[in-house]
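Those protein sequences? They're chains V and F, same order as listed. For the first sequence, this note's numbering assigns the number 365 to the last residue and increments by one with no breaks. For the second sequence, this note's numbering assigns the number 316 to the last residue and increments by one with no breaks. Notes for the one structure printed next.
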Amino acid sequence: MAPIHLPISDTVAKPGPGNGVAVTLSELRRSYGAIHALDGLTLDIAPGEFVALLGPSGCGKTTALRVLAGLEDADSGRVEVGGKDITAVPTSARDMGMVFQAYSLFPHMTARQNVEFGLQLRRIPSARRRERVAEMLDLVELSDQADRYAHQMSGGQQQRVALARALAIEPQVLLLDEPLSALDAKVRVQLRDEIRRIQLEVGTTTLFVTHDQEEALAVADRVGVMRAGNLEQLASPHDLYARPATAFVANFVGLTNRLRATVEGDHASLLGTSVPLLPGSVQRGAAFVLVRPESIAVTADPTGRATVVTASFLGSTGSLHAVTESGETVQAQIDNDAVATFHPGDKVTLIPRPNPALAVAAD
Amino acid sequence: MSLRATRQRRQSIFRWVVVALIGLFFALPIFGMVEFTTRARGGGRTLDTWAKLFDLKVIDADYPELKTGILASAGLTLLTVVIMLFLLVPTMTWVRLRLPGLRRTVEFVCLLPLTIPAIVLVVGLAPVYAWVAYFLGESSLWLAFAYVVLVLPYAYRALDAGLSAIDVNTLAEAARSLGAGWPTVMWRVILPNVRTAVLSAAFLSVALVLGEFTIASLFSRDNLQVAINLLSKRDASLAIAAALAALILAFIVLVAMSFVGNGRRSHRQEES
């Protein structure tokens, strides 16, 4: 077996802050028969940045990550890491750490041996290796589990060891392929926050693929929403949510009401109120405006022009469904305390808040 | 006594009857062999035949065909297992990783020898072995190529079960992302996790090769079974003793291999 000479710790300074390098995917295309998994995907990730790719099943997000890892070949396009074209470089020489959706610890090795595996391949001296393994297990707070095998650990612990194993080799890029999807809700939130903490600590450029929008919005510096093999929008979590560029993004991220309106310039008139419009909205005439439930205020009003259908208690918030006189169903977010004050059949007034919204052409 | 207890007792008796019948089925021929090989001339019992079998000088001088057969079978066993493992483990792993569409075809090809009688196999292999003899010589060891074909169905099934028990794709991808080349993936990640399956495949191959007679006999090559057959024409008692010894040896190998396979597993369980 030929030794692999990839730098550990004593690296020549990598570009950018921390251990991060820039990643560029240019015009990537990948087809499986008639299906275009990637259809000219272009994505730039800044050094040390944490980017999440979000999208429905089959949108190409995992394919993009696997092409970056070298586990899949692109039909065309270019992959650059730290300014170097690595499109033709095999996976084993790409210097990327990866955490998989499925539990991927080597079952015949202990947690310590798993973390040590990549370091052994790099011929790191044993003393340095031991030190690094201890550091990594400490980072994921599993030092006391070092001698356990995968089958002796919980799913969350296994994924943390997998993260330690991926980070032990000081990868240029960290790739996370839905690492939390097999875990239960509570562990998922804990590990999600832990991943972000560790990423900020080590500063490695990270690409995180998930279908869970809450996960993506919670941890990423920027979130890319993918659709049919391409990026629909790449923006900060706040901008993605508050200023969706397309109807697809508005519908996919969070809940959205699709309300009839009349557009005049940069404003739309709906539910008797004028709402400012986001760039990219239609300019004139009949349209649908995409309004978030929290952007609609609800007041009890016997002369109101909407009727309550349901009011539900959701824990930290409440949700109210109402039907307007024109037959449109509107969902609004209300205080959890207010839920009990609304009953089916009650008349209410719905007032859109003046938050910018996207208007799309009426079908 | 309750109805349930009566039923349980009946089931227990039935189980023991079945076990006893199966035991008898296996034990009777073995008992017959022991009885035959310990008969003394003029009545009584003697261990002379067994003493002769384990007296290497006597075997070497008086029964050279037995020694040749044992050595040939030992060599054939080793060679067959090595070729089978080198052929099947990487192929089956590669098919799972890269060519999953070919899995059914590979399975069909590997199971095909089950449906072909040995005599038909010999007819088909005869011209091939004419070339083998021309290029590699007349050594009995080259029978290993034919034996690999014979053991394919059994070895395939054992290895397939082992590979199905692990997520080969994810483990291989994880290892590659950490910098492992394909040989390292095979040697350090896949093989240790299918160790028991490899041992099972190896054992089945050993058992089959040690018991093979038809192909070796029809190709006029030496192996243990051919030697025992020849020996039976000169000294039936010694031939039966040799056959029984081969059976016991195969049994010991089976037990030893199952201990090796289970050893690590129980060691890990103790730690958990």
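Glycine included, every Cβ here is placed at the ideal spot set by N, Cα and C. Here the structure is a predicted model, which is why all the values come from computation and not from measurement.
Report the residue from the options whose alpha carbon sits nearest the alpha carbon of residue i.
| i | options | result |
| --- | --- | --- |
| V369 of chain V | V:I353, V:E137, V:A76 | Here chain V covers residues 3 to 365 and nothing more, so residue 369 of chain V does not appear. |
| V25 of chain V | V:S33, V:V69, V:H38 | V:V69 |
| P304 of chain V | V:R132, V:D41, V:P127, V:F344 | V:F344 |
| G57 of chain V | V:V255, V:A104, V:S33, V:D149 | V:V255 |
| L156 of chain F | F:V195, F:R59, F:V126, F:I66 | F:V195 |
| A71 of chain V | V:L209, V:V284, V:E133, V:N338 | V:L209 |
| V299 of chain F | F:G225, F:S244, F:R140, F:A209 | F:S244 |
| R198 of chain V | V:R224, V:D186, V:S297 | V:R224 |
| F102 of chain V | V:R114, V:E133, V:L182 | V:L182 |
| A76 of chain V | V:R286, V:R32, V:V291, V:L193 | V:R32 |
| D268 of chain V | V:N259, V:L360, V:S314 | V:L360 |
Does the separation of the CB atoms of residue i and residue j fall below 8 Å?
| i | j | result |
| --- | --- | --- |
| A289 of chain V | A249 of chain V | no |
| L222 of chain F | I171 of chain V | yes |
| A188 of chain F | L120 of chain F | yes |
| L176 of chain V | T206 of chain V | yes |
Would you please verify whether the beta carbon of residue i is less than 8 Å from any beta carbon of chain F?
| i | result |
| --- | --- |
| S94 of chain V | yes |
| I171 of chain V | yes |
| G84 of chain V | no |
| L73 of chain V | yes |
| H110 of chain V | yes |
| K16 of chain V | For K16 of chain V, the predicted structure reports a pLDDT of 36, less than 50, and the residue's modelled location is therefore unreliable. A value from the coordinates is still provided. Closer than 8 Å: no. |
| L55 of chain V | no |
| G106 of chain V | Here residue 106 of chain V is Ser; the residue named in the question, Gly, does not match the sequence. Chain F, which has a Cβ nearer than 8 Å to the Cβ of S106 of chain V, makes this yes. |
| M228 of chain V | no |
| P356 of chain V | no |
| V350 of chain V | no |
| G157 of chain V | no |
| G120 of chain V | yes |
| I353 of chain V | no |
| R262 of chain V | no |
| G42 of chain V | no |
| R167 of chain V | yes |
| M100 of chain V | yes |
How long is the line joining the alpha carbons of residue i and residue j, rounded to whole angstroms?
| i | j | result |
| --- | --- | --- |
| V238 of chain F | P134 of chain F | 12 Å |
| S395 of chain V | P239 of chain V | This structure leaves residue 395 of chain V out entirely; chain V is present only between 3 and 365. |
| Q159 of chain V | V204 of chain V | 20 Å |
| R220 of chain F | K188 of chain V | 31 Å |
| I88 of chain V | S94 of chain V | 12 Å |
| L280 of chain V | P358 of chain V | 5 Å |
| L235 of chain F | G317 of chain V | 51 Å |
| A334 of chain V | P356 of chain V | 15 Å |
| T50 of chain F | W60 of chain F | 16 Å |
| A39 of chain V | A247 of chain V | 22 Å |
| R80 of chain V | E29 of chain V | 7 Å |
| Y178 of chain F | L27 of chain V | 58 Å |
| L43 of chain V | L67 of chain V | 11 Å |
| G231 of chain V | C61 of chain V | 5 Å |
| D279 of chain F | E217 of chain F | 60 Å |
| M3 of chain V | L203 of chain F | With a pLDDT of only 38 at M3 of chain V, under 50, the local geometry of the prediction cannot be trusted, and no value is derived from it. |
| E266 of chain V | F52 of chain V | 39 Å |
| K349 of chain V | D337 of chain V | 18 Å |
| I284 of chain F | F70 of chain F | 16 Å |
| N116 of chain V | Q235 of chain V | 37 Å |
| A64 of chain F | R147 of chain F | 42 Å |
Quick check: is the beta carbon of residue i nearer than 8 Å to any beta carbon in chain V?
| i | result |
| --- | --- |
| N237 of chain F | yes |
| L143 of chain F | no |
| D19 of chain F | The structure shown does not extend to residue 19 of chain F, since chain F spans only 45 to 316, so no value can be given for it. |
| L203 of chain F | no |
| D279 of chain F | no |
| V242 of chain F | no |
| D92 of chain F | no |
| G113 of chain F | no |
| G206 of chain F | no |
| S221 of chain F | yes |
| G181 of chain F | no |
| T137 of chain F | no |
| P212 of chain F | For the sequence presented, residue 212 of chain F should be read as Val rather than Pro. Cβ-Cβ to chain V under 8 Å: no for V212 of chain F. |
| L146 of chain F | no |
| V133 of chain F | no |
Assuming residue i and residue j form a contact by the criterion Cβ under 8 Å, report the distance between their Cβ atoms to the nearest whole angstrom.
| i | j | result |
| --- | --- | --- |
| A260 of chain F | V270 of chain F | 5 Å |
| M98 of chain V | P173 of chain V | 5 Å |
| L141 of chain V | A166 of chain V | 6 Å |
| V325 of chain V | V341 of chain V | In fact, because the Cβ distance is near 18 Å, the residues do not count as touching under 8 Å. |
| R131 of chain V | E143 of chain V | 20 Å between Cβ atoms; not a contact. |
Kindly list, in the order they appear in chain A, the residues whose Cβ is closer than 7 Å to that of residue i.
| i | result |
| --- | --- |
| L215 of chain F | Although the question refers to chain A, the structure presented lacks it and instead comprises the protein chains V and F. |
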